[in-house]
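**Q**
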Amino acid sequence: MRKFLPIVTVLLIIVGVWYAAAIKMNAPWAYDQAARAEAAAPTLAALPGLTLNQDRPVLPSPHQVFSELAKSTFGLAPSSKKSLVYHAWVTLSGTLLGFAVGTALGVLLAVGIVYSRAMDMSVMPWAIASQMVPIIALAPMLAVVMNAVGATPLMTKAVISAYLSFFPVVVGMVKGLRSPDAMQLDLLQTYATPGQAVFWKLRLPSSMPYFFASVKVAIAASLVGAIVAELNQQAGLGARLLQGSYYGQTTQIWAALFLSAILAAVLVMLAGRIERGVLRQMGMAR
Numbered sequence: 135m136r137k138f139l140p141i142v143t144v145l146l147i148i149v150g151v152w153y154a155a156a157i158k159m160n161a162p163w164a165y166d167q168a169a170r171a172e173a174a175a176p177t178l179a180a181l182p183g184l185t186l187n188q189d190r191p192v193l194p195s196p197h198q199v200f201s202e203l204a205k206s207t208f209g210l211a212p213s214s215k216k217s218l219v220y221h222a223w224v225t226l227s228g229t230l231l232g233f234a235v236g237t238a239l240g241v242l243l244a245v246g247i248v249y250s251r252a253m254d255m256s257v258m259p260w261a262i263a264s265q266m267v268p269i270i271a272l273a274p275m276l277a278v279v280m281n282a283v284g285a286t287p288l289m290t291k292a293v294i295s296a297y298l299s300f301f302p303v304v305v306g307m308v309k310g311l312r313s314p315d316a317m318q319l320d321l322l323q324t325y326a327t328p329g330q331a332v333f334w335k336l337r338l339p340s341s342m343p344y345f346f347a348s349v350k351v352a353i354a355a356s357l358v359g360a361i362v363a364e365l366n367q368q369a370g371l372g373a374r375l376l377q378g379s380y381y382g383q384t385t386q387i388w389a390a391l392f393l394s395a396i397l398a399a400v401l402v403m404l405a406g407r408i409e410r411g412v413l414r415q416m417g418m419a420r
């Protein structure tokens, strides 16, 4: 109980602030309806009943969001175009494909940067500069180019997800591959160890904690990239967010947002579990 009490306390504070904000932000509609009906303005005691269950609230209340989330997740067939499970799977497929491509690209670039002075001086600055371009501006341009070459929506999402996910992996792996100190490298040179063996037996194992730390960032960035890419598509959590915005369905928007956050948390937790298993097998568990 001592461990969970701070979490529950913070959660209750957030929910309380959320309900108060919902009442305040939805109150103008209740006052407007009373004015149209030429009735007396609602009292403070009557406001919760008038503001927390509106059909199209400015800020939906917590119970409205979780009710919509439950209905869209468990109350519909997973194959239904209105089901959040269907849209989550569409998003997840692009996320995982883009993450795999971005991670592989990041590892290869990191190895090249560590072992090649020319790549270190040329590729690393460009990798940093690539992240300065706002993805919300780049995604539509990439989508147009990908559509022009006949790419599927999945490939378009994968490219944008890979674009966001490769950079954390590059930075983490470069740091990790360079983490062995000079004494360790000198010792292997004393034993006339081939460069390939130095990589597999020293540099790569030393980089694993850095690699998994960057993977947790990369998988979340990959999900963001997939959602942004779906703003130009017909399915996925990004498309669901845009549809809710078009039709003023704020509860639908918040439900999709919460599912996106849950999906990101699950992916990061899964990466953490894999990290603990791998490091334990390597004798590096912390």
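Here the working numbering runs 134 ahead of the position in the sequence shown, where the first position is 1. Note that CB positions come from ideal geometry on N, CA and C, so glycine has one too.
(1) Pick helix, strand or coil for R414, following the three-state DSSP scheme.
(2) Tell me whether the segment 328-348 and the segment 265-272 touch, counting them as touching only if at least three CB pairs, one residue from each stretch, are closer than 8 Å.
(3) Which of helix, strand or coil does DSSP assign to R190?
(4) Less than 8 Å separating the beta-carbons of V235 and A296?
(5) Determine whether the Cβ of L230 lies closer than 8 Å to any Cβ atom of chain B.
(6) Sorted by chain position, which residues of the same chain lie with C-beta nearer than 8 Å to Y165's C-beta, five sequence neighbours on each side aside?
(7) Would you mind stating whether G378 and L288 have Cβ atoms separated by less than 8 Å?
(8) Since R374 and A354 should fall inside the 8 Å C-beta cutoff, what is the C-beta to C-beta distance between them, to a whole number of angstroms?
(9) Within the continuous alpha helix (DSSP H) that includes G372, where are the two ends?
(10) Please state the DSSP three-state secondary structure of T327.
(11) Counting pairs of Cβ atoms below 8 Å between the segment 237-246 and the segment 296-305, do you hit three or more?
(12) Which one of M403, I387, V349 and P339 has the shortest CA to CA distance from L365?
(13) If you compare alpha carbons, which of G232, L226 and A363 is closest to L272?
(14) So, is Y249 buried or exposed, given that buried needs 16 or more other C-beta atoms within 10 angstroms?
(15) Under 7 Å Cβ to Cβ from Q367, same chain only, skipping five residues before and after it: list those, please.
(16) In chain order, what residues of the same chain lie with their CB nearer than 6 Å to the CB of L401, ignoring the 5 residues before and after it?
(17) Within this structure, are the beta carbons of V241 and V303 separated by less than 8 Å?
(18) So, with DSSP's three-state summary, where would you put F333?
(19) Within a Cβ cutoff of 6 Å, which residues of the same chain sit near Q198, ignoring the five residues on either side of it in sequence?
(20) When you compare each of A347, Q167, L203 and A285 to K309 by their alpha carbons, which one comes out closest?
(21) Could you pull out every residue in the same chain whose Cβ sits closer than 7 Å to the Cβ of L184, ignoring the five residues on either side in sequence?
(22) Can you tell me whether S214 is helix, strand or coil according to DSSP?
(23) Provide the residue span of the alpha helix (DSSP H) that contains V358, from first to last.
(24) K291: which of S201, L371 and G411 sits nearest, CA to CA?
(25) Can you find the residues in the same chain that come closer than 7 Å, C-beta to C-beta, to R312, ignoring five residues on each side of it along the sequence?
(26) In three-state DSSP terms, what is K309?
(27) What residue range is occupied by the uninterrupted alpha helix (DSSP H) comprising Q198?
(28) Between I141, A204, P314 and I361, which has its C-alpha nearest F333's C-alpha?
(29) Determine the direct distance from the alpha carbon of M403 to that of I157, and round the result to whole angstroms.
(30) Thinking C-alpha only, which one of P182, L178 and T143 is nearest Y153?
**A** The short version:
(1) When secondary structure is reduced to three states using DSSP, R414 falls in the helix class.
(2) The segment 328-348 and the segment 265-272 do not touch, with fewer than 3 CB-CB distances between them shorter than 8 Å.
(3) Of the three classes helix, strand and coil, the one that applies to R190 here is coil, per DSSP.
(4) The answer is yes: Cβ separation under 8 Å.
(5) The structure shown contains no chain B, having only a single protein chain.
(6) For Y165, same chain residues with a beta-carbon under 8 Å away, outside a window of 5 residues either side, are A175 and P176 in chain order.
(7) No, they are not a contact pair.
(8) Actually they do not touch by this definition, with Cβ atoms about 19 Å apart.
(9) Membership of G372 in the alpha helix (DSSP H) is indicated by the continuous run L371 to Y380.
(10) Reduced to three states, the DSSP call for T327 is coil.
(11) In this structure the segment 237-246 lies against the segment 296-305, because at least three pairs of beta carbons, one per stretch, are closer than 8 Å.
(12) Nearest option by C-alpha distance: I387.
(13) Taking L272 as reference, the option from G232, L226 and A363 with the minimal CA-CA separation is A363.
(14) Result: exposed.
(15) Residues P287 and A373 of the same chain have their beta carbon placed closer than 7 Å to that of Q367, with the five preceding and five following residues left out of the count.
(16) Residues of the same chain with a CB within less than 6 Å of the CB of L401, apart from the 5 flanking positions on each side, are I353 in chain order.
(17) The answer is yes: Cβ separation under 8 Å.
(18) Looking at F333 - three-state DSSP - the assignment turns out to be helix.
(19) For Q198, where only same-chain residues beyond five positions count, the Cβ hits under 6 Å are T385.
(20) Distance from the Cα of K309 is smallest, within the candidate group A347, Q167, L203 and A285, for A347.
(21) If you ignore the 5 residues before and after L184, its C-beta comes within less than 7 Å of the C-beta of A164 and P176, all in its own chain and listed in chain order.
(22) Residue state, collapsed to three classes: coil.
(23) V358 -> alpha helix (DSSP H) spans L338 to A363.
(24) For the residues S201, L371 and G411, the minimum Cα distance to K291 belongs to L371.
(25) Annotation for R312: V248 place their beta carbon closer than 7 Å to its own, counting only its chain and skipping 5 residues before and after.
(26) The three-state secondary structure of K309, taken from DSSP, is helix.
(27) Bounds of the alpha helix (DSSP H) holding Q198 are P196 to F208.
(28) Selected option, being the one with the closest Cα: P314.
(29) So the alpha carbons of these two residues sit roughly 35 Å apart.
(30) It is P182.
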